[in-house]
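Student: Just dropping this structure here.
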Amino acid sequence: MRRFTSRSKRWVGLAVVVGAGLLLAACSAENNRQNSLKPQGPQAHKIYNLFTPVFFISVVVGVLVLGAVVVFAVRFRYRAGKNENPKQIHGSTPLEIGWTIVPALILAVVAVPTIITIFDLSKEPTGDVVNVTAIGKQWWWEFKYPDQNIVTANELVIPAGRPVRVNLTSCDESLPNKCNVIHSFWVPELNGKRDVVPGRKTFTTIEADKPGTYLGQCAEYCGLSHANMRFRVIAKDASAYDRWIGEQQQGPTVAFQTGTGADTKPAGPAQDLMSTKFQCTNCHSVGDSKVSSYGPNLTHLASRTTFASGYYELTRDRLIEWVHNAPGLIPMQSKACREAGEPAAGKCVGMPSFSRDTPAGQPTMTQQEAVQIADYLLQLK
Ligand code: CUA
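Counting from 819, one number per residue, gives the positions in the sequence shown under the working numbering.
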């Protein structure tokens, strides 16, 4: 009976291993679009070309070692009546030398292509290079195009077939409270991870062979909504890219007036809500696609396909929900945090809820007001 139990335990163990394997295999589903084994650009190809031989060397080593373990375990297992000790080989000089030198040689061989690839990937890009700056913030990415003088968020639009030097930083020099925490920029189909460290400037090069959308993900723990800190690289063909740049460089499609100065025309109701009642404009730039802000620049929000760090498709319903109660869709600042200090002072980050947990003295947003603001934002093409 005892034997039967231990055997069923073994079957349960095997089932768990097989189940976990199948579950993990699902992570590499055909179209998850974050698959570094499906390289879509020259940098990713270099990594893949290194990964493949190293993987097969590891498979050979793994099979030999595990095979030996299994063979020895079966051959020298306990047998009733035959439990004499095997011959002891402790101190065998040839064996000691062999299993020191062989792994060292394998590692030395693997090191050659590894080091070549590392140096290759950190070279300055050459040719018709596009310069962008990616600033990691909590929990979204700001993308600046210094040569074109535009600022956008969460969707990095690039021309296909041209190298893009992505300058990485988590400090925004144009803001008083300039430094954010550590993040990591990662678009698995285009290149490896590169950390974005406060106070340091690094870069990575990406290039997409073909037009398309490539999914990115922050790959360094950066607080509450790290896991939701996604982004997209959208590669366009040359003419579509130029058109996009031209559109982004234009001023807002709907002029944003605060209505405070004596000469300004009165603002529309949605603009009043945004600049005065709920003060969205403290954190978001709405009328100038050239400037950074604490929250994403919204001047051309409606030209994007997603929002909220690429987490949600940009649809009217989602946007209304977001304006009303953003932390209900993605965990962000709480009431306690808002009461503790001004968002701009860096004491709390992320968008507040305007419909629940409203601190004393702050207005609560009605559904109708959220609709008005969202409908206004959706005109910002
Ligand atoms: Cu940003 Cu994790």
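Where a beta carbon is used, it is the ideal one built from N, C-alpha and C, also for glycine.
Taking 8 angstroms as the cut-off, decide whether the C-beta atoms of G1069 and W957 are in contact.
Tutor: The answer is no: Cβ separation not under 8 angstroms.
Student: Along the chain, where does the alpha helix (DSSP H) containing D1060 start, and where does it finish?
Tutor: Element bounds for D1060: A1056 to Q1067.
Student: Whose CA, out of D1055, T1094, M1047 and G1086, lies closest to the CA of P1149?
Tutor: Cα-wise, what sits closest to P1149 is M1047.
Student: Any idea what DSSP makes of E960, helix, strand or coil?
Tutor: E960 falls in the strand class under three-state DSSP.
Student: For a minimum of 3 consecutive residues, which ranges assigned as the beta strand (DSSP E) are wholly contained in the segment 969-1014?
Tutor: Entirely contained in the segment 969-1014, the beta strand (DSSP E) runs reaching 3 residues are, in chain order, 973-977, 982-987, 1001-1003 and 1012-1014.
Student: With F1021 and L986 assumed to form a contact (beta carbons below 8 angstroms), what rounded beta-carbon distance in angstroms separates them?
Tutor: Indeed, because the Cβ distance is near 6 angstroms, the residues count as touching under 8 angstroms.
Student: Excluding the 5 residues preceding and the 5 following K1028 in the sequence, name in chain order all residues of the same chain whose CB lies nearer than 6 angstroms to its CB.
Tutor: These residues qualify, in order along the chain: A978.
Student: What residues are listed by DSSP as bridge partners for Q1035?
Tutor: Answer by DSSP bridge pairing, in chain order: R1048.
Student: Which of the three DSSP states, helix, strand or coil, is assigned to T870?
Tutor: In the structure shown, T870 sits in a helix (DSSP, three-state: H, G or I).
Student: Return the residue from the list W829, F873, Q1089 and V1109 that minimises the CA-CA distance to A1188.
Tutor: The residue with the shortest Cα to Cα distance from A1188 is Q1089.
Student: Can you pull the DSSP bridge partners for K955?
Tutor: Paired residues: W958.
Student: Following the continuous alpha helix (DSSP H) through F937, name the residue where it begins and the one where it ends.
Tutor: From DSSP, the alpha helix (DSSP H) with F937 extends over T911 to L939.
Student: What does the alpha-carbon distance come out to for the pair A1045 and Q1035?
Tutor: Whole-angstrom Cα-Cα distance: 8 angstroms.
Student: Below 8 angstroms on the Cβ atoms is my guess for G1064 versus H1001; work out the distance and round it to an integer in Å.
Tutor: At roughly 30 angstroms, the Cβ-Cβ gap does not stay under 8 angstroms, so G1064 and H1001 are not in contact.
Student: What residues in its chain sit with their C-beta under 8 angstroms from that of G1179, if we drop five residues either side in the sequence?
Tutor: Around G1179: no qualifying Cβ.
Student: Is any heavy atom in the ligand CUA found nearer than 7 angstroms to the beta carbon of G1105?
Tutor: No - the ligand CUA has no heavy atom lying nearer than 7 angstroms to the Cβ of G1105.
Student: Excluding five sequence neighbours on each side, which residues of the same chain lie with their C-beta closer than 7 angstroms to the C-beta of T1111?
Tutor: In the sequence as displayed, the identity of residue 1111 is Ser instead of Thr. If we look at S1111 and ignore the five residues flanking it on each side, its Cβ neighbours are C1101, H1102 and S1103.
Student: Tell me the DSSP secondary structure of T1071 in three-state form.
Tutor: In the structure shown, T1071 sits in coil (DSSP, three-state: anything other than H, G, I, E or B).
Student: Could you give the residue range of the alpha helix (DSSP H) that holds I1191?
Tutor: Taken as a continuous stretch (DSSP letters only), the alpha helix (DSSP H) holding I1191 covers Q1185 to L1195.
Student: Using only alpha-carbon positions, find the residue among E991, Y963, Y1130 and G839 that is nearest to V950.
Tutor: Closest by alpha carbon: Y963.
Student: Whose C-alpha, out of M1169, S1152 and A1037, is nearest the C-alpha of C1098?
Tutor: Among M1169, S1152 and A1037, the Cα nearest to that of C1098 is on M1169.
Student: With contact counted as at least three CB pairs below 8 angstroms, one residue from each stretch, are the segment 934-945 and the segment 989-999 in contact?
Tutor: Cβ pair count under 8 angstroms is below three, so no.
Student: Anything with a beta carbon under 6 angstroms from a heavy atom of the ligand CUA counts; list them all in chain order.
Tutor: Going along the chain, the residues that qualify are G954, W957, H1001, C1036, E1038, Y1039, C1040, H1044 and M1047.
Student: Measuring alpha carbon to alpha carbon, tell me which residue in K900, L1195 and S1173 is nearest P1145.
Tutor: Checking every option, the nearest Cα to that of P1145 belongs to S1173.
Student: Let's see if you can read the secondary structure: which residues bound the alpha helix (DSSP H) around I1024?
Tutor: Note, I1024: premise wrong, no alpha helix (DSSP H); beta strand (DSSP E) at T1020 to I1024.
Student: Given that a residue counts as buried once 16 or more other Cβ atoms are within 10 Å of its Cβ, and exposed if not, what is E1131?
Tutor: With fewer than 16 other Cβ atoms within 10 Å, it is exposed.
Student: Pick helix, strand or coil for N1205, following the three-state DSSP scheme.
Tutor: Given that the chain is displayed from residue 819 to residue 1199, the structure contains no residue 1205 and the question cannot be resolved.
Student: For Q1066, which residues from the same chain have a beta carbon less than 7 angstroms from its beta carbon, with the 5 sequence-adjacent residues on both sides left out?
Tutor: Cβ within range, chain order: I968, T970, S1107 and H1118.
Student: Could you give the C-beta distance for L1195 and L1147, rounded to a whole number, given that I count them as a contact under 8 angstroms?
Tutor: Between L1147 and L1195 the Cβ distance is about 15 angstroms, and since that is not below 8 angstroms, they are no contact.
Student: Keeping to the same chain, check which residues put their C-beta closer than 8 angstroms to that of I865; ignore five residues upstream and five downstream.
Tutor: Here the set comprises S854, P857, T935, L939, N1009 and G1010.
Student: Comparing C-alpha positions only, which one of D1060, A1073 and A1192 sits nearest to V948?
Tutor: The shortest Cα separation from V948 among D1060, A1073 and A1192 belongs to D1060.
Student: Compute the distance between the beta-carbons of A952 and V984, then report whether it is under 8 angstroms.
Tutor: It is a contact, given that the beta carbons lie within the stated cut-off.
Student: Sorted by chain position, which residues of the same chain lie with C-beta nearer than 7 angstroms to F869's C-beta, five sequence neighbours on each side aside?
Tutor: Taken in chain order, the list of residues that qualify is empty.
Student: Do C997 and P1016 have their C-beta atoms closer together than 8 angstroms?
Tutor: Against a cut-off of 8 angstroms, the Cβ pair of P1016 and C997 comes out as a contact.
Student: Roughly how many angstroms lie between the CA atoms of T1176 and H1142, to the nearest whole one?
Tutor: Roughly 11 angstroms separates the two Cα atoms.
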